[in-house]
């Protein structure tokens with residue numbers, strides 16, 4: 001339902017070309033042939049083995065979900081910086097529920113239960129931020145940052161006091177029936193969460209474009225006054241958006257806990273929420289675009305590791321930032337390109353040069 | 355020194371041609387009217403002259419010296435003493451009038467911002483020309499009319515020799531219009547050149563020396579002549595009277611024909627008066643909003659169209675918003691006998707209320723969405739409760755587009771790209787097509803809307819009344835209320851100060867004028 005898909009696509013294309021050029025320049029600076037490095041990056045990450053593509057999928061799974069999370073809030077005109085805290089809350093709650101279940105619990109019960117608990121943990125934090133925004137007028141950016149700090153503190157305290165096993169920074173493993181099977185790509189961490197995420201992407205696309213609730217979400221984001229005038233309860237929609245946003249971020253915890261580590265670990269899931277902001281911007285708030293953005297950023301970060309023999313891996317980290325900035329800046333350029341050459345056809349169909 | 359304009363301009367937005375060899379010749383020291391229906395390209399032409407929008411190609415001369423269109427911007431235009439007052443205002447809402455006035459060229463004394471002299475000068479100038487303003491008030495707390503007044507005064511204060519006014523009277527009350535037109539004549543006499551964009555031919559007749567008619571982006575006719583003055587108000591204060599001048603009057607009916615490109619739409623048929631026993635559909639009891647609106651008592655019966663007249667800024671906005679539930683109020687609002695005072699806006703709409711808000715740009719439309727999405731916005735009777743029935747939305751949009759002649763007739767067009775009149779048709783199309791319509795509150799339903807669209811919108815309001823709804827029309831345009839309503843109440847300083855029921859009576863207009871300006875008091879009803 002993008003208003004102008006051509007322009008959005010063109011903007012991203014311009015940004016990617018610009019980033020490619022800048023990345024090449026960086027490689028030249030460290031004395032490497034860009035063509036060679038790019039080739040190594042593509043070959044190593046995509047064609048050499050199954051492990052690297054698997055790792056890209058694993059990373060992209062969490063990033064796509066946190067990207068969707070940020071985009072849902074932004075659709076309603078709210079900036080959810082707390083995806084980071086919501087992922088960590090999801091990780092902690094999911095791990096606790098997973099370990100607390102009796103060992104004999106069948107997978108059909110254990111998997112949904114752990115998944116829902118992670119989602120609810122994220123949603124609860126989203127609700128808190130939304131409610132403070134709507135009912136008390138507290139700016140969501142500030143409360144998001146603060147709540148993320150609180151969640152991080154609580155998680156570490158819980159770990160140290162209760163969860164971590166004698167001297168390590170790892171908690172007890174969740175029961176095996178709550179594990180999500182790995183996809184088995186060369187021993188990579190990619191797991192069934194990929195499918196859950198793909199479903200979430202499609203479901204959200206449908207929800208945004210084809211339902212009155214999705215429409216209300218975007219109307220509130222674009223023009224709250226008009227939304228109110230036609231009878232949409234702006235506050236309710238904003239709270240719902242934050243709840244939905246938190247739920248999606250909480251879902252990202254499933255990939256870490258149930259799909260990969262099977263236990264609570266210090267720092268598990270950290271960073272995914274913050275990168276989600278970049279993913280949402282890079283994906284132009286469109287669910288499918290967000291999935292593609294998550295894959296691209298994951299490719300760059302895995303590719304950075306794969307080419308660390310050739311160039312410092314910091315270059316690929318810089319590139320991830322460059323890509324996001326370039327996309328954020330490229331929409332006006334694309335707009336100019338699309339409209340400037342379109343001189344109006346005159347009645348006779350002939351065009352007069354100015 | 356006075357300024358003249360000579361321009362031939364082309365402009366297209368995103369491949370849509372807006373101006374095609376639009377030709378304008380304005381003589382120095384005259385009031386020149388630029389008329390045409392909405393979407394004819396009037397605003398675009400004026401924005402190019404003011405340096406706000408670049409032209410694609412063409413020629414432009416100011417005071418007989420050609421300007422380079424490639425470098426023609428607002429700064430250059432300002433240097434050429436061109437002042438502009440735009441249709442929807444250009445003032446920043448969060449700043450005061452005086453802060454807006456000095457924006458970009460703030461006067462300072464020893465490095466500190468110094469606003470008092472400018473504020474004093476603005477207030478004094480406003481007094482002199484009959485457009486009273488408070489320079490210190492924040493613009494977003496002003497009504498549209500008051501903000502417009504402030505912009506006009508500001509443009510004059512900064513010594514504009516060529517004053518471009520884009521539909522300045524659309525948001526003014528009749529008495530203010532008279533004052534403004536007299537001011538424009540005085541300015542022209544003193545040497546200022548005035549270009550007045552309007553589609554009210556009455557104003558053209560009163561004030562213009564010459565007229566250019568735009569249709570479809572091209573100049574179709576140019577009329578010159580000398581105006582003869584006619585005043586609506588018997589009790590017109592002497593200083594706002596335009597002195598009659600000699601010469602040939604402008605051929606107003608020829609101008610009207612040139613505007614619409616054919617004969618004028620037929621005169622509207624009036625709705626029969628409601629039966630005395632018709633049940634009330636919208637009842638207001640002791641409706642009050644802060645200090646803005648006090649103890650409004652009003653009942654609109656089924657089939658009745660009631661007008662609310664008044665100078666803009668006397669509580670009209672609060673009245674409309676309170677009935678729609680958009681602002682907190684005390685007292686009761688009854689919709690079809692049900693007390694709606696505690697209902698949320700959406701609940702009131704579902705109870706059978708339709709609300710055409712005062713300002714379509716601020717609350718009536720989502721400008722960056724499509725025509726179809728705006729038409730079905732919040733209309734779960736069309737979209738369905740959860741999953742959007744896209745076929746129904748498209749069908750509904752096409753029906754409304756055909757019914758109201760929305761142009762361009764494309765349901766996927768972004769509303770922002772539509773002309774003001776067509777945007778308003780989208781609001782009307784959504785609101786007046788609600789099922790189980792009980793009461794309609796239409797605030798300034800034809801503000802800044804062209805003649806053809808006015809007729810369509812009035813037709814729809816009449817049809818709503820004939821179908822049994824109670825219709826309340828709030829308007830600063832007395833002609834509109836006289837043409838539409840069965841009776842008119844007058845709002846002054848937040849109170850209903852009078853009511854006129856015999857609108858055909860010869861002195862009805864004069865009575866309304868006296869009520870609106872506070873010259874008559876306390877329920878001085880006629881008939």
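Residue numbers (this note's numbering), protein chains in the order written: chain Z, 1 to 354; chain S, 355 to 881.
Even glycine gets a Cβ: it sits at the ideal position worked out from N, Cα and C.
- Sequence-distant partners of residue 28 (chain Z) (beyond 5 residues in either direction) whose C-beta falls short of 8 Å from its own C-beta, in its chain, are 34.
- With a minimum length of 4 residues, the unbroken runs of alpha helix (DSSP H) contained wholly in the segment 721–756 of chain S fall at 725–729 and 734–737.
- Looking at Z:181, Z:116 and Z:85, the one whose alpha-carbon comes closest to that of residue 153 (chain Z) is Z:85.
- For residue 226 (chain Z), the neighbours in chain S by C-beta distance under 8 Å run, in chain order, 717, 718, 719, 720 and 731.
- Taking all protein chains in view, the Cβ of residue 693 (chain S) is surrounded by fewer than 16 other Cβ atoms within 10 Å, so the residue is classified as exposed.
- In the three-state reduction of the DSSP assignment, residue 419 (chain S) falls in the strand class, which pools E and B.
- Inter-residue distance for residue 749 (chain S) and residue 817 (chain S) is about 21 Å (C-alpha atoms, whole angstroms).
- A direct Cα-Cα distance of roughly 35 Å separates residue 747 (chain S) from residue 278 (chain Z).
- Residue range 470–483 is occupied by the alpha helix (DSSP H) that includes residue 474 (chain S).
- Cβ-Cβ separation between residue 399 (chain S) and residue 376 (chain S): approximately 6 Å, consistent with a contact (criterion under 8 Å).
- Listed by position along chain S, the residues whose Cβ is nearer than 8 Å to that of residue 233 (chain Z) are 698 and 700.
- If you check each beta-carbon in the segment 198–225 of chain Z against every beta-carbon of chain S, the ones closer than 7 Å belong to 210, 211, 212, 213, 215, 219, 222, 223 and 225.
- Excluding residues up to 5 positions away in sequence, 372 and 410 lie with their Cβ nearer than 7 Å to the Cβ of residue 366 (chain S) in the same chain.
- In the DSSP assignment, residue 435 (chain S) falls outside any alpha helix (DSSP H) and carries neither an H nor an E.
- The C-alpha of residue 829 (chain S) is placed about 12 Å away from the C-alpha of residue 870 (chain S).
- Along the segment 752–795 of chain S, the alpha helix (DSSP H) occurs as fully enclosed runs of 4 or more residues at 774–785, listed in sequence order.
- Within the model, the alpha-carbon separation for residue 605 (chain S) versus residue 837 (chain S) is close to 23 Å.
- Taking the Cα of residue 298 (chain Z) as reference, the smallest distance to any Cα among Z:57, Z:169 and Z:190 is reached at Z:57.
- Between the alpha carbons of residue 738 (chain S) and residue 288 (chain Z) lies a distance of about 25 Å.
- Between the alpha carbons of residue 170 (chain Z) and residue 203 (chain Z) lies a distance of about 34 Å.
- Within the model, the alpha-carbon separation for residue 286 (chain Z) versus residue 296 (chain Z) is close to 15 Å.
- Here residue 808 (chain S) is not near residue 565 (chain S), since their CB atoms are 9 Å or more apart.
- Apart from sequence neighbours up to five positions away, the residues of its chain that approach residue 379 (chain S) with a beta-carbon distance below 6 Å are 360, ordered along the chain.
- Within the model, the alpha-carbon separation for residue 121 (chain Z) versus residue 177 (chain Z) is close to 21 Å.
- Shortest Cα-Cα distance from residue 254 (chain Z) to any of Z:102, Z:328, Z:91 and Z:165 involves Z:91.
- Here the segment 212–231 of chain Z does not lie against the segment 88–107 of chain Z, with fewer than 3 beta-carbon pairs under 8 Å apart.
- Per DSSP, the continuous beta strand (DSSP E) segment holding residue 651 (chain S) begins and ends at 647–655.
- Taking the CA atoms as reference points, residue 708 (chain S) sits about 22 Å from residue 832 (chain S).
- Following the DSSP letters along the chain, one finds residue 264 (chain Z) inside the beta strand (DSSP E) bounded by residues 263–265.
- When the five nearest sequence neighbours on each side are left out, the beta carbons in the same chain lying within less than 7 Å of the beta carbon of residue 639 (chain S) are those of 651, 685 and 686, in order along the chain.
- The straight-line gap separating the alpha-carbon atoms of residue 405 (chain S) and residue 426 (chain S) is approximately 6 Å.
- Ranking S:826, S:782, S:562 and S:501 by CA distance to the CA of residue 486 (chain S) puts S:501 first.
- If you ignore the 5 residues before and after residue 315 (chain Z), its C-beta comes within less than 8 Å of the C-beta of 23, 26, 27, 30 and 304, all in its own chain and listed in chain order.
- The beta carbon of residue 711 (chain S) falls within 9 Å of a beta carbon belonging to chain Z, placing the residue at that interface.
- Within its own chain, the residues whose Cβ lies closer than 8 Å to the Cβ of residue 800 (chain S), once the five positions on either side in sequence are excluded, are 778, 807, 808, 811, 812, 829, 831 and 834, listed in chain order.
- Excluding the 5 residues flanking it on each side, residue 238 (chain Z) has same chain C-beta neighbours closer than 7 Å at 76, 78, 130, 133, 134 and 220, in chain order.
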